[in-house]
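Top line first, the protein sequences correspond to chains R and S. The opening residue of the first sequence carries number 1 in the numbering used here; numbering runs sequentially from there. The opening residue of the second sequence carries number 1001 in the numbering used here; numbering runs sequentially from there. Worksheet for the structure shown next.
There are 2 protein chains.
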Amino acid sequence: MSSQNPKRAMFEHLAAVARSLGSAHRLELLELLAQTERSVEELVKLTGLTLANASQHLQQLRRFGLVEARRSGKHVIYRLADPEVVRLLEALSRVTERNVGAVEKLLNSYFRERDRLEPLSRRELLRRMRDGLVTVIDTRPPEEFAAGHVAGAINLPLSELKRRLRELPREQEIVAYCRGPYCVLSYEAVAELRKRGFKAVRLEDGYPEWKAAGLPVEQSANL
Amino acid sequence: MSSQNPKRAMFEHLAAVARSLGSAHRLELLELLAQTERSVEELVKLTGLTLANASQHLQQLRRFGLVEARRSGKHVIYRLADPEVVRLLEALSRVTERNVGAVEKLLNSYFRERDRLEPLSRRELLRRMRDGLVTVIDTRPPEEFAAGHVAGAINLPLSELKRRLRELPREQEIVAYCRGPYCVLSYEAVAELRKRGFKAVRLEDGYPEWKAAGLPVEQSANL
DNA sequence: ACAACAATCAATTAAGTTCTTGAATGAAAA
DNA sequence: TTTTCATTCAAGAACTTAATTGATTGTTGT
Chain R
1 MSSQNPKRAM
11 FEHLAAVARS
21 LGSAHRLELL
31 ELLAQTERSV
41 EELVKLTGLT
51 LANASQHLQQ
61 LRRFGLVEAR
71 RSGKHVIYRL
81 ADPEVVRLLE
91 ALSRVTERNV
101 GAVEKLLNSY
111 FRERDRLEPL
121 SRRELLRRMR
131 DGLVTVIDTR
141 PPEEFAAGHV
151 AGAINLPLSE
161 LKRRLRELPR
171 EQEIVAYCRG
181 PYCVLSYEAV
191 AELRKRGFKA
201 VRLEDGYPEW
211 KAAGLPVEQS
221 ANL
Chain S
1001 MSSQNPKRAM
1011 FEHLAAVARS
1021 LGSAHRLELL
1031 ELLAQTERSV
1041 EELVKLTGLT
1051 LANASQHLQQ
1061 LRRFGLVEAR
1071 RSGKHVIYRL
1081 ADPEVVRLLE
1091 ALSRVTERNV
1101 GAVEKLLNSY
1111 FRERDRLEPL
1121 SRRELLRRMR
1131 DGLVTVIDTR
1141 PPEEFAAGHV
1151 AGAINLPLSE
1161 LKRRLRELPR
1171 EQEIVAYCRG
1181 PYCVLSYEAV
1191 AELRKRGFKA
1201 VRLEDGYPEW
1211 KAAGLPVEQS
1221 ANL
């Protein structure tokens, strides 16, 4: 039956793409690339992988269409091939969160204890921003912020938080976001701010999801 | 740094779930389960896997939270754990379609040649149904139809199509759907109908996606 | 209790994946 | 040109996954 073969072939392709997501290191690389494009070298520094290993993982991601690469001088710069990839990662997270008991426990024991108040959804944040009700802080390092951030957010990396508390309003709610739902920077920022008496909550997910949803973003001028 | 570990652990979990999608056989099982719950035995018949092998794949899917099982007499019935799983499969398909060149070619050479007219989106079909503009046919076998189908659709399995052409209107557009975007039954039905002078198009995706989107479905009475 | 049957488990073999190491490219700077 | 540096390639060892086989569990019907 000729009907069966193309279907099988299709499943094989889907499986190959799924397998390329089937490694914690590759998922970490994808998360980093979801922020902004980066060279292999940068990715090596950020992940702690060896150079050859990172390169091979990146090539695998490229082979299956998740990332693209271009050469820029001595460096090879990788970036996500398509915003759909972020959506795929989101869908994977959602299924994983709902269904895997162990993950539930992990989320409860680590993340939830740091954020008993419900995190804010994208939609809700957008509304409060429009009404001028919140101050939004981006807890990622300056380079990532410069490459793109939620429109109207101010960059306040975790490392500078204590020094720059004066910049923040005491009366208004502060919303912190970061790389994604499992990025800990925003959890820690919220914990710290609350300890000091600020009203702080976390955005449910991070910059890549915000951008992929087509919500307003901006870049720093000198990029 | 205590921040790194839970993140790593989370990536490991996500990767494990992704790996459980990383096999054509398991994807096929998931697609079949997206239609309706089924026993191991049925799945074996439908896929051609050996019993032990199918059982092991199903257990793996269960271990990672994609399916659930219950015992019913001598049989063990599996079903999708969550409608989110369908969304994850959709996201995987979308990324695969867009990004993998080989898949594009496959889609072009086999699927597209059978359906030069654009397929209909769910939203569009819903609108035309509300306006009474279309006849919707479900090309899946009667059991699957009985377990759940698009509200208002009539069941017309491919095998009965030629015999039952008289039931179909010549002047109104006919929309065929099936198990999912890569299910060939609806392609073949549309090809056949066009050959015979009917106005026929395919629904872009299938029953599981329709249901997961929360659109109106119905079941046959005696279920 | 026993036979029949669906499904699972356990053990094996084959195949595939990951990481490491060291050599090979390829672009830029000296 | 030669040197330097970022990246990729190639090969091998350690580990993981897939499919097959035959034994075992658990449920129904006699």
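Cβ coordinates follow ideal geometry from the N, Cα and C atoms, glycine included. Just so you know, these numbers come straight off a predicted model, no measurement behind them.
For the pair residue 1087 (chain S) and residue 42 (chain R), the Cα-to-Cα distance works out to about 33 Å. Per DSSP, reduced to three states, the secondary structure at residue 182 (chain R) is coil, with no helix or strand assignment.
Sequence-distant partners of residue 1175 (chain S) (beyond 5 residues in either direction) whose C-beta falls short of 8 Å from its own C-beta, in its chain, are 1120, 1125, 1128, 1134, 1135, 1136, 1137, 1200, 1201, 1202 and 1203. Residue pairing by DSSP leaves residue 63 (chain R) without any beta bridge partner. Here DSSP, grouped into helix, strand and coil, assigns residue 1120 (chain S) to strand.
Taking 9 Å as the upper bound on Cβ-Cβ separation, chain R lies near residues 1185, 1187 and 1188 of the segment 1185-1200 of chain S. Apart from the 5 residues on each side of it in sequence, residue 1083 (chain S) sits with its Cβ closer than 6 Å to the Cβ of 1212 in its chain, given in chain order.
For residue 140 (chain R), there is no enclosing beta strand (DSSP E), as DSSP gives it neither H nor E. Counting C-beta pairs with one atom in each stretch, the segment 1006-1016 of chain S and the segment 17-24 of chain R have three or more that are closer than 8 Å, which means they touch.
Contacts between residue 7 (chain R) and chain S, judged by CB atoms closer than 7 Å, involve 1182 and 1184 in chain order. Note on residue 1216 (chain S): under 16 other CB atoms within 10 angstroms of its CB, so exposed under the neighbour-count rule. A check of alpha carbon separations from residue 158 (chain R) across R:149, R:70, R:74 and R:141 identifies R:141 as the nearest.
9 Å or more divides the Cβ of residue 1132 (chain S) from the Cβ of residue 1218 (chain S).
Using a CB distance below 9 Å, the part of the segment 1008-1041 of chain S facing chain R consists of 1008, 1009, 1010, 1011, 1012, 1013, 1014, 1015, 1016, 1017, 1018, 1019, 1020, 1021, 1022, 1023, 1024, 1025, 1026, 1027, 1028 and 1031, ordered along the chain. Between residue 1181 (chain S) and residue 1206 (chain S), the CB-CB gap stays under 9 Å. When rounded, the separation of the alpha-carbon atoms in residue 54 (chain R) and residue 45 (chain R) is 10 Å.
According to the DSSP assignment, residue 1079 (chain S) belongs to no alpha helix (DSSP H) but to the beta strand (DSSP E) extending over 1075-1080. Chain S has a Cβ within less than 9 Å of the Cβ of residue 95 (chain R).
Secondary structure of residue 68 (chain R) (DSSP, three-state): strand. Taking CB atoms only, residue 84 (chain R) has a neighbour in chain S less than 9 Å away. Taking C-alpha positions only, residue 59 (chain R) is separated from residue 75 (chain R) by approximately 15 Å.
Close CB contacts of residue 173 (chain R) within its chain, under the 6 Å cut and outside five residues either way in sequence, are with 134 and 199 (chain order).
For residue 92 (chain R), the C-beta contacts it makes with chain S under 7 Å involve 1014, 1017, 1018 and 1088, in order along the chain. For residue 1098 (chain S), the closest Cβ of chain R is nearer than 9 Å.
C-alpha of residue 32 (chain R) to C-alpha of residue 1146 (chain S): approximately 46 Å in a straight line. By the criterion of a C-beta distance shorter than 8 Å, residue 164 (chain R) is surrounded in its chain by 156, once the five residues flanking it on both sides are discounted. With respect to the C-alpha of residue 8 (chain R), the residue from S:1009, S:1008, S:1028 and S:1011 having the closest C-alpha is S:1028.
Between residue 153 (chain R) and residue 177 (chain R), the C-beta gap is smaller than 9 Å, which places the two residues in contact. Between residue 1034 (chain S) and residue 1092 (chain S), the CB-CB gap reaches or exceeds 9 Å. The beta-bridge partner set that DSSP reports for residue 1057 (chain S) is empty. Residue 1135 (chain S) sits in a strand when the DSSP states are folded into three classes.
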